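**Student:** Its first residue numbered 0, the sequence shown is counted upward by one per residue in numbering that gives the first Met the number 0. Sharing a structure here in structure tokens format.
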Amino acid sequence: MKFAIAAKLNTLTLERNIPAAVTIELTRRCPLACLHCYLPETRGRAPAGLELTTAQWKNILAQLAGAGALYLVYTGGEPLLRPDLAELCRHAKKLNFDVRVFSTGLGLTPGLAAEFKKAGVSAFELSFYGKPALHDSVTGVKNSSKHTLAAARLLKAAGIKVKFKTPLMKKNLGQAGWLRKLAETEGFDISFDPTITSTNDGNASALPLRLSGPQLSKAVKLLSAPLNPRSPIPDKHSLAALDPRLSTPDSPTLDFLCGAGRNVCAVGPEGGLYSCLQVPVKLGDLTRQSFSDIWKNSAWLKKWRSAGMRDLKGCASCADIDFCSRCPGLSLIEEGNLFAPNKPACEMAKIMSQIYVSKSREITP
Numbered sequence: 000m001k002f003a004i005a006a007k008l009n010t011l012t013l014e015r016n017i018p019a020a021v022t023i024e025l026t027r028r029c030p031l032a033c034l035h036c037y038l039p040e041t042r043g044r045a046p047a048g049l050e051l052t053t054a055q056w057k058n059i060l061a062q063l064a065g066a067g068a069l070y071l072v073y074t075g076g077e078p079l080l081r082p083d084l085a086e087l088c089r090h091a092k093k094l095n096f097d098v099r100v101f102s103t104g105l106g107l108t109p110g111l112a113a114e115f116k117k118a119g120v121s122a123f124e125l126s127f128y129g130k131p132a133l134h135d136s137v138t139g140v141k142n143s144s145k146h147t148l149a150a151a152r153l154l155k156a157a158g159i160k161v162k163f164k165t166p167l168m169k170k171n172l173g174q175a176g177w178l179r180k181l182a183e184t185e186g187f188d189i190s191f192d193p194t195i196t197s198t199n200d201g202n203a204s205a206l207p208l209r210l211s212g213p214q215l216s217k218a219v220k221l222l223s224a225p226l227n228p229r230s231p232i233p234d235k236h237s238l239a240a241l242d243p244r245l246s247t248p249d250s251p252t253l254d255f256l257c258g259a260g261r262n263v264c265a266v267g268p269e270g271g272l273y274s275c276l277q278v279p280v281k282l283g284d285l286t287r288q289s290f291s292d293i294w295k296n297s298a299w300l301k302k303w304r305s306a307g308m309r310d311l312k313g314c315a316s317c318a319d320i321d322f323c324s325r326c327p328g329l330s331l332i333e334e335g336n337l338f339a340p341n342k343p344a345c346e347m348a349k350i351m352s353q354i355y356v357s358k359s360r361e362i363t364p
């Protein structure tokens with residue numbers, strides 16, 4: 000029943016362009032310098048830039064709530080670097096948002112954990128990469144593993160749900176089993192993502208970390224993804240990925256490329272509105288324009304919302320298209336075209352297709 004309701008909610012918000020799930024990037028400052036980070040700011044290639052005040056964020060939250068937003072994620076950079084994070088969580092909860100925080104956990108204290116619990120935060124999702132030496136080699140900061148694990152335990156003790164988020168790369172694929180066991184032992188959830196991307200400024204220095212061939216096949220099996228056509232690994236930029244209570248549309252006639260700019264949006268630390276953090280096209284400035292004005296009248300959004308599967312010229316004849324979870328943002332950054340195929344999605348789709356055929360043979364009498 001709950002999945003049927005979630006599917007109907009997802010379909011309704013897609014059809015009516017209701018921004019049900021919003022990601023707010025409070026800052027691009029971060030105490031870490033992770034090898035795979037897609038933000039050039041955290042890699043030291045760009046200044047962190049301006050950040051909105053508490054009052055400005057509260058104004059934007061009110062506008063988002065008025066537009067029908069339900070699910071809110073605070074992220075960064077490191078959102079804990081904002082001293083007003085707990086206050087912004089409380090304010091969002093008063094506006095009836097489901098509030099989550101994506102974080103490294105660095106800077107969390109027992110007092111802060113208690114504040115977040117009182118503020119009504121439903122979950123923290125913490126980046127965690129492997130055993131201490133490996134984790135620290137990814138983040139570039141000694142003892143960062145110890146601090147993140149300590150933060151996870153503080154949050155759990157405060158009664159807040161904790162999830163480890165682990166990008167899978169050549170460095171840590173061999174520790175995926177250890178990570179899953181650690182999460183189970185500690186009482187945390189865990190998710191893996193096998194996609195490593197270029198940074199938003201097009202820098203490709205992280206791409207050698209990507210899994211390929213047998214490694215990627217192993218990672219896909221590890222994800223325990225659904226193995227039916229039209230049920231690929233959830234696109235990490237879709238509404239379903241932002242909140243598990245929402246799933247794929249229940250309308251077979253709904254033609255869309257992803258939820259970005261339809262029932263998903265994002266706001267940058269300076270107040271820029273984006274269809275998604277992975278699509279670095281600024282739609283407008285929320286310090287000068289209202290959310291509703293940009294959301295309804297953006298020429299870019301109108302064109303994007305009119306696009307569908309028919310626009311994927313390089314994908315239409317692909318035998319694996321039913322298994323593809325292609326990210327338009329990744330295509331834009333790496334191929335220069337929102338509608339182009341991208342290598343990670345193509346490789347994933349092929350592997351998923353092969354697994355499905357294999358499983359089908361196993362269960363066929």
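Even glycine gets a Cβ: it sits at the ideal position worked out from N, Cα and C. On a predicted model such as this, the values are computed, not experimentally measured, just so you know.
(1) Indicate the three-state DSSP secondary structure (helix, strand or coil) for Tyr70 in the structure shown.
(2) Using only the alpha-carbon positions, how far apart do Leu8 and Tyr70 sit?
(3) Have a look at the DSSP bridge pairing and note the partners of Ser102.
(4) Per DSSP, what kind of secondary structure is Ala203 in: helix, strand or coil?
(5) Please look up how many angstroms separate the CB atoms of Pro343 and Leu329, rounded, as I've assumed it's under 8 Å.
(6) With respect to the alpha helix (DSSP H) encompassing Lys145, which residues constitute its N-terminal and C-terminal limits?
(7) Please return the same chain residues whose Cβ sits closer than 6 Å to the Cβ of Gly260, not counting the five positions on each side in sequence.
(8) Keeping to the same chain, check which residues put their C-beta closer than 8 Å to that of Lys130; ignore five residues upstream and five downstream.
(9) Would you mind sorting Thr41 into buried or exposed? The rule is 16 or more other CB atoms within 10 Å of its CB.
(10) From this set, Arg27, Asn296, His35, Asn336, which residue's C-alpha is nearest Ala47's C-alpha?
(11) Identify the residues that DSSP records as bridge partners of Val161: which are they?
(12) Count the other C-beta atoms from every protein chain shown that fall within 10 angstroms of the C-beta of Arg325, then say buried if there are 16 or more, exposed otherwise.
(13) Per DSSP, what are the beta-bridge partners of Cys264 in this structure?
(14) For my contact list, Thr103 and Leu31 are in at a C-beta cut-off of 8 Å; report their separation, rounded to the angstrom.
(15) What three-state label does DSSP hand Lys217 in the structure shown?
(16) The alpha helix (DSSP H) with Ser418 in it runs from where to where?
(17) Return helix, strand or coil for Gly283, following the three-state DSSP convention.
(18) Suppose contacts are defined by Cβ-Cβ distances below 8 Å. Is Ala118 in contact with Leu153 by that definition?
**Tutor:** According to the data block:
(1) Taking the first residue of the sequence shown as position 1, residue 70 is located at position 71. Three-state DSSP puts Tyr70 in a strand.
(2) By 1-based counting over the sequence shown, the position of residue 8 is 9. By 1-based counting over the sequence shown, the position of residue 70 is 71. Leu8 and Tyr70: Cα-Cα distance of roughly 12 Å.
(3) On the sequence shown, residue 102 is found 103 positions in, with the first residue counted as 1. DSSP, once it has assigned bridges, lists Leu125 as partnering Ser102.
(4) To locate residue 203, count along the sequence shown from 1; it is residue 204. Correct three-state label for Ala203: coil.
(5) As a first step, residue 343 is located in the sequence shown; it is residue number 344 there, counting from the start. As a first step, residue 329 is located in the sequence shown; it is residue number 330 there, counting from the start. About 7 Å; that satisfies the 8 Å criterion.
(6) Here residue 145 refers to the residue found at position 146 of the sequence shown. Where Lys145 is concerned, the enclosing alpha helix (DSSP H) stretches over 143-156.
(7) As a position in the sequence shown, residue 260 is number 261, starting the count at 1. The answer, listed in chain order, is Ser274, Leu300, Trp303.
(8) Taking the first residue of the sequence shown as position 1, residue 130 is located at position 131. Once the five neighbours on either side are set aside, the close Cβ partners of Lys130 are Ser144, Gln174, Trp177.
(9) Mapped onto the sequence shown, residue 41 falls at position 42. Classification for Thr41: buried.
(10) For the purposes of this step, residue 47 is taken as residue 48 along the sequence shown, with counting starting at 1. Checked all of Arg27, Asn296, His35, Asn336; the closest Cα to Ala47 is Arg27.
(11) If you number the sequence shown from 1, residue 161 lands on position 162. DSSP, once it has assigned bridges, lists Phe123 as partnering Val161.
(12) Counted from its first residue, the sequence shown places residue 325 at position 326. By the Cβ neighbour-count rule, Arg325 is buried, with 16 or more other Cβ atoms within 10 Å of its own.
(13) Here the question's residue 264 lines up with position 265 in the sequence shown. Answer is Val21.
(14) In the sequence shown, counting from the first residue as 1, residue 103 sits at position 104. In the sequence shown, counting from the first residue as 1, residue 31 sits at position 32. With 8 Å as the limit, Thr103 and Leu31 qualify as a contact, their Cβ atoms being about 6 Å apart.
(15) Numbered from 1 along the sequence shown, position 218 holds the residue referred to as residue 217. Reduced to three states, the DSSP call for Lys217 is helix.
(16) Because the chain here runs from 0 to 364, residue 418 falls outside it and cannot be looked at.
(17) In the sequence shown, counting from the first residue as 1, residue 283 sits at position 284. In the structure shown, Gly283 sits in a strand (DSSP, three-state: E or B).
(18) For this step, residue 118 is matched to residue 119 along the sequence shown. For this step, residue 153 is matched to residue 154 along the sequence shown. Taking 8 Å as the Cβ cut-off, Ala118 and Leu153 do not qualify as a contacting pair.
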